[in-house]
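Working notes, structure below.
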Amino acid sequence: MLKRRTGGRRGASRRPLLPCLAVLLAFWGVAQSAVPAAAAADSAPPFRLCADPDNLPFSATSRDTPGYYIELGRAIADRLGRPFEPVWELTYFAKRAVRTTLLAGRCDGFIGLPDDPDYMGQKLIFSKPVLEPGYALVLPHGMSVKTLSDLVGHRVAVQFASSPQNLLATRDDIQMVTALSPEEAMRDLSGGRADLAFIWGPSAGWLNKTTAGGAYDVVPVAGPHMQWRAVIGFAAGETALRDQVNAALDALGGEANALMKKYGFPSGSPVSLAATEATSQPASAGTANDSAATATGQTAAVVPPSPPVAAPSPDAHAVDQGHELFNENCSHCHGPDAVEGERRRNLRLLHHRYGDTFDHVFMTTVTHGRVEKGMPNWSGILTGDQFQEILAYLHSIQEP
Amino acid sequence: MSPFWARPTAAVALSAALFILSQGASRADEALDRALQNNDNWPMYGRTYDNQRFSPLKQIDDQNVGGLKLAWAFQVGALRSNESSPIVIDGTMYLTSSSGPKSVFALDAKTGMMKWQFQPDVAEDVQPYVCCDLDSRGVAFADGKILFSQLDGYLSALDAQTGKLLWKSKVVDYKDGETNTSPPLIVKNMAIIGFSGGEYGARGAIQAYDIGTGKQLWKTWTIPGPGEPGNDTWKGDSWQHGGGAPWYVGSYDRKTNTIFYGTSNPAPWNAAVRSTGTSDYGKLTNAGSSSTLALDPDTGKIKWEIQSTPAETWDYDGVNELVLADVQISGQSTPIYMKADRDGFFFVANRDTGKLVSAEPFVPVNWAKSFDVETDRPIEDPAKRPRLDYKATDICPSWMGGKNWQPISFNPMTGLAYIPSNNMCQDMKLADVTFRRGAFFLGNDFAVTPGHGDYLGRLVALDPATQKPAWHMDLPLPWNGGTMTTAGNLVFFGDIQGIFHALDAKTGKELWRMNLGSGIGAGPITFAVDGKQYVAVLAGRAEGPPAFMGEVGKKIIAATPEGGTLFVFSL
Numbered sequence: 001m002l003k004r005r006t007g008g009r010r011g012a013s014r015r016p017l018l019p020c021l022a023v024l025l026a027f028w029g030v031a032q033s034a035v036p037a038a039a040a041a042d043s044a045p046p047f048r049l050c051a052d053p054d055n056l057p058f059s060a061t062s063r064d065t066p067g068y069y070i071e072l073g074r075a076i077a078d079r080l081g082r083p084f085e086p087v088w089e090l091t092y093f094a095k096r097a098v099r100t101t102l103l104a105g106r107c108d109g110f111i112g113l114p115d116d117p118d119y120m121g122q123k124l125i126f127s128k129p130v131l132e133p134g135y136a137l138v139l140p141h142g143m144s145v146k147t148l149s150d151l152v153g154h155r156v157a158v159q160f161a162s163s164p165q166n167l168l169a170t171r172d173d174i175q176m177v178t179a180l181s182p183e184e185a186m187r188d189l190s191g192g193r194a195d196l197a198f199i200w201g202p203s204a205g206w207l208n209k210t211t212a213g214g215a216y217d218v219v220p221v222a223g224p225h226m227q228w229r230a231v232i233g234f235a236a237g238e239t240a241l242r243d244q245v246n247a248a249l250d251a252l253g254g255e256a257n258a259l260m261k262k263y264g265f266p267s268g269s270p271v272s273l274a275a276t277e278a279t280s281q282p283a284s285a286g287t288a289n290d291s292a293a294t295a296t297g298q299t300a301a302v303v304p305p306s307p308p309v310a311a312p313s314p315d316a317h318a319v320d321q322g323h324e325l326f327n328e329n330c331s332h333c334h335g336p337d338a339v340e341g342e343r344r345r346n347l348r349l350l351h352h353r354y355g356d357t358f359d360h361v362f363m364t365t366v367t368h369g370r371v372e373k374g375m376p377n378w379s380g381i382l383t384g385d386q387f388q389e390i391l392a393y394l395h396s397i398q399e400p
Numbered sequence: 401m402s403p404f405w406a407r408p409t410a411a412v413a414l415s416a417a418l419f420i421l422s423q424g425a426s427r428a429d430e431a432l433d434r435a436l437q438n439n440d441n442w443p444m445y446g447r448t449y450d451n452q453r454f455s456p457l458k459q460i461d462d463q464n465v466g467g468l469k470l471a472w473a474f475q476v477g478a479l480r481s482n483e484s485s486p487i488v489i490d491g492t493m494y495l496t497s498s499s500g501p502k503s504v505f506a507l508d509a510k511t512g513m514m515k516w517q518f519q520p521d522v523a524e525d526v527q528p529y530v531c532c533d534l535d536s537r538g539v540a541f542a543d544g545k546i547l548f549s550q551l552d553g554y555l556s557a558l559d560a561q562t563g564k565l566l567w568k569s570k571v572v573d574y575k576d577g578e579t580n581t582s583p584p585l586i587v588k589n590m591a592i593i594g595f596s597g598g599e600y601g602a603r604g605a606i607q608a609y610d611i612g613t614g615k616q617l618w619k620t621w622t623i624p625g626p627g628e629p630g631n632d633t634w635k636g637d638s639w640q641h642g643g644g645a646p647w648y649v650g651s652y653d654r655k656t657n658t659i660f661y662g663t664s665n666p667a668p669w670n671a672a673v674r675s676t677g678t679s680d681y682g683k684l685t686n687a688g689s690s691s692t693l694a695l696d697p698d699t700g701k702i703k704w705e706i707q708s709t710p711a712e713t714w715d716y717d718g719v720n721e722l723v724l725a726d727v728q729i730s731g732q733s734t735p736i737y738m739k740a741d742r743d744g745f746f747f748v749a750n751r752d753t754g755k756l757v758s759a760e761p762f763v764p765v766n767w768a769k770s771f772d773v774e775t776d777r778p779i780e781d782p783a784k785r786p787r788l789d790y791k792a793t794d795i796c797p798s799w800m801g802g803k804n805w806q807p808i809s810f811n812p813m814t815g816l817a818y819i820p821s822n823n824m825c826q827d828m829k830l831a832d833v834t835f836r837r838g839a840f841f842l843g844n845d846f847a848v849t850p851g852h853g854d855y856l857g858r859l860v861a862l863d864p865a866t867q868k869p870a871w872h873m874d875l876p877l878p879w880n881g882g883t884m885t886t887a888g889n890l891v892f893f894g895d896i897q898g899i900f901h902a903l904d905a906k907t908g909k910e911l912w913r914m915n916l917g918s919g920i921g922a923g924p925i926t927f928a929v930d931g932k933q934y935v936a937v938l939a940g941r942a943e944g945p946p947a948f949m950g951e952v953g954k955k956i957i958a959a960t961p962e963g964g965t966l967f968v969f970s971l
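Going down the list, the sequences are from chains A and B. Every letter in the first sequence is one number past the one before it in our numbering, and letter 218, counting from 1, is 218. Every letter in the second sequence is one number past the one before it in our numbering, and letter 229, counting from 1, is 629.
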């Protein structure tokens, strides 16, 4: 197959991200003076942050645990005096995701990019680091690993195509158990197929906290290709916004550290497992985690940023109301009674197409629009209850 | 040289064999056989099981081709990366558009009037999982059915008369990064199909489905598991996620009852994980990847395999189509397959014995100095093998390959193979490329560069018996379209600038050209209805791959807009 690559591409159309900078700066002043930003946020343009919808502990559409990036993004937006708006894009091909969202003007920043000036050539500029994640050992309590040789004779769960896999591949005397995801590696560990794991630290900490009941010690590992800095990327030229976000990050104080702790990111002194003595240890390794360990737990109240996910209503009245609303507002494009010949617009196929994410996709679409496909944003035109009624109606007419 | 291997297949193989036996003798698909016997038809991707893309039709020939005129055109309703070869059976044409496919069509092959249109429900969110654009390479015909792959991992069967969906079987899960782009190979009562996406942790497999019911009959892993021959060519448990996905079309030799498939590069990219990571890989060749596999279609058992790039690390897939022919080599009629490989070598092997006959570069190659057919090993230049933190520069060819998927053709009358080749090189190292889903993932970081010489693409007419080029035609850009050849001493192909060419098959002289307005990747076809011969090609420039090609990619995109139109010509 061809590989994911993002060399030159024809110029992505880029519309101004901040149509009204002066207004924004005015609100910025308000925010700086620590006045509650609610009034400003009502009229300021939203701070649109692109993130992966399915990448916990970093970001997710989940209401209760939207992930560190999303909660951080909301905190930044609060400091900017702007409402927060996540823009979801899968990052299976990360550079393409940046091209088609951030560089196409669909969001103001893309969170979770590597702090690498060469990442996409001259197209991006970056914030300060928002996280310093890295790989970590996942050890049963009481097990101690100080050097690579301590792994000899053990079965070590590693992730496919990861730095730990490459490091251990240099040793013939360490047996690897290859997993495709941190979740699979943790299952290998709990299922007795591996004695320890050497995987992505934030995921390990999160899984240890949420699914393993803290059964393991998660120890950060220092060394080449082990520790990273994650940043928010902006389109080149958006230096004003970048500077504002950096200032907001500075103003967060212990809030970021509290969030790291909430998501179980590993803390403590990193252990160096470098294959050779000559390799240098990154100065930054473990800094963020150490800070997290000393955070005081002053977690800000976090409002879930994802659109409300509606439960389908069995209420026949709601279905009738929704039917009427649909024919009044939606039938112009989607057909009276949702009878529609163009499959792409046929809303009787939503369950077929989106399965369990039906409700979420519906709410996201009606509250954000799909402007590029001609679907307007209905926020402020229809109410939340009316969306629920239309959704109930659509549920009642899905084709099998 | 690999011995004759009989790799055990998945458990379903046994029950499949029993199922076939219980049906009596494995029956041939009679409708397809009838279609194959009529020279007016183009009944499968490569026209016949040998994948030659050669037609015996000669009403249009080297004397009159200059008078070729548009007969009809058809808009497929989906732009970009239209890679489909239509098929034509008894006056009806069937084709897919790109984007899922967005549509499958049945057309009157004489007029282009639509008989039916089927729009599959392809998952909306498949695009983030597709590496190289939303392409579809067409349909297969069998037993009154039209079968095609969906990008979201399904194999579907339609009623050829009505376009009604008969069944739909899940081949792979696209959320694992595995997708389907190529039509199945129809053998007896089976639709045989691979899948793409080997880089992302998959283990390649070829699977057979019952044409009547869509039920899986057998599944053969391309990468050997424990206890299977070749498993010890993989380090540790790396075979589990070893790649080797057979994502292009297969070929079939009825005489020996053998199917042939190429397999993609191994995974992960760091060869040190699965081999030594150096040119001195010893026995750690990663069997089953970047290889040609010969299988028994009744059981799925692998008969033998030949590896084109051992312990591969440059993205030299071995998936390119196997073209079967009987040619005179050193005075003897020899049953061969030929393969213009991504790695730049043109492989000729005896397809009955699985023994390589010759392997010579058909484009500038420097990752290996030569290929030793006795030992079945390339003689590598170690400086051209990228490693973790070691950047190898000016490696030729590039990941695009000496040839990519765009199909070659072979004309038994001229004895020449017509290869749309790329003259591109690359710098490459193994590096951290992606931060997503719980890891910094590692890939090979590369930049393509123009090859040496003043051309980037070249149509090469090569004699597989001697490995000598008879003629060539230089092209200003790489990534040009597939070829088709006829008994009228003609070669047809479209280039990435949208020009459709007819050349003299013996000399390469251009006899006719027409601007179709969008870059062409798909291979042309030819067919006849009511005694009149037609030539057809689908135009519609690729968008995904040029995005990886740096400055050259910009030129490709600047040359023409996207498109999606089938053009049909006649005298």
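Just so you know, even glycine gets a beta-carbon here, dropped at the ideal spot from N, CA and C.
In the DSSP assignment, what residue or residues form a beta bridge with residue i?
i, result
"B:Trp472", "B:Val968"
"A:Pro224", "None; A:Pro224 has no bridge partner."
"B:Asn451", "B:Asn451 is not bridged to any residue."
"B:Phe518", "B:Val504"
Answer yes or no: do residue i and residue j have a C-beta to C-beta separation smaller than 8 Å?
i, j, result
"B:Thr613", "B:Ala687", "no"
"B:Thr496", "B:Phe548", "yes"
"A:Arg343", "B:Gln519", "yes"
"B:Glu721", "B:Val649", "yes"
"B:Tyr661", "B:Ile606", "yes"
"B:Gly446", "B:Pro778", "no"
"B:Gln707", "B:Ser690", "yes"
"B:Ala817", "B:Met738", "yes"
"B:Thr579", "B:Gly563", "no"
"A:Val271", "A:Ala222", "yes"
"B:Val952", "B:Pro878", "yes"
"A:Leu131", "A:Phe198", "no"
"A:Gln244", "A:Leu56", "no"
Mind checking if residue i is an interface residue toward chain B, Cβ cutoff 8 Å exclusive?
i, result
"A:Leu90", "yes"
"A:Arg343", "yes"
"A:Val177", "yes"
"A:Gln122", "no"
"A:Phe93", "yes"
"A:Phe160", "yes"
Using the Cα positions of residue i and residue j, report the straight-line distance between them to the nearest angstrom.
i, j, result
"B:Lys755", "B:Lys932", "42 Å"
"B:Leu565", "B:Gln517", "11 Å"
"B:Gly944", "A:His154", "43 Å"
"A:Pro220", "A:Gly380", "47 Å"
"B:Leu903", "B:Tyr529", "39 Å"
"A:Asp320", "A:Val361", "22 Å"
"A:Pro129", "B:Gly894", "49 Å"
Does any residue of chain A bring its CB to less than 8 Å from the CB of residue i?
i, result
"B:Trp669", "yes"
"B:Ala523", "yes"
"B:Gly614", "no"
"B:Ser638", "yes"
"B:His641", "yes"
"B:Gln437", "no"
"B:Ser970", "no"
Original post:
Which whole runs of the alpha helix (DSSP H) in the segment 86 to 134 of chain A are 4 residues long or more, in chain order?
Top reply: 94 to 100
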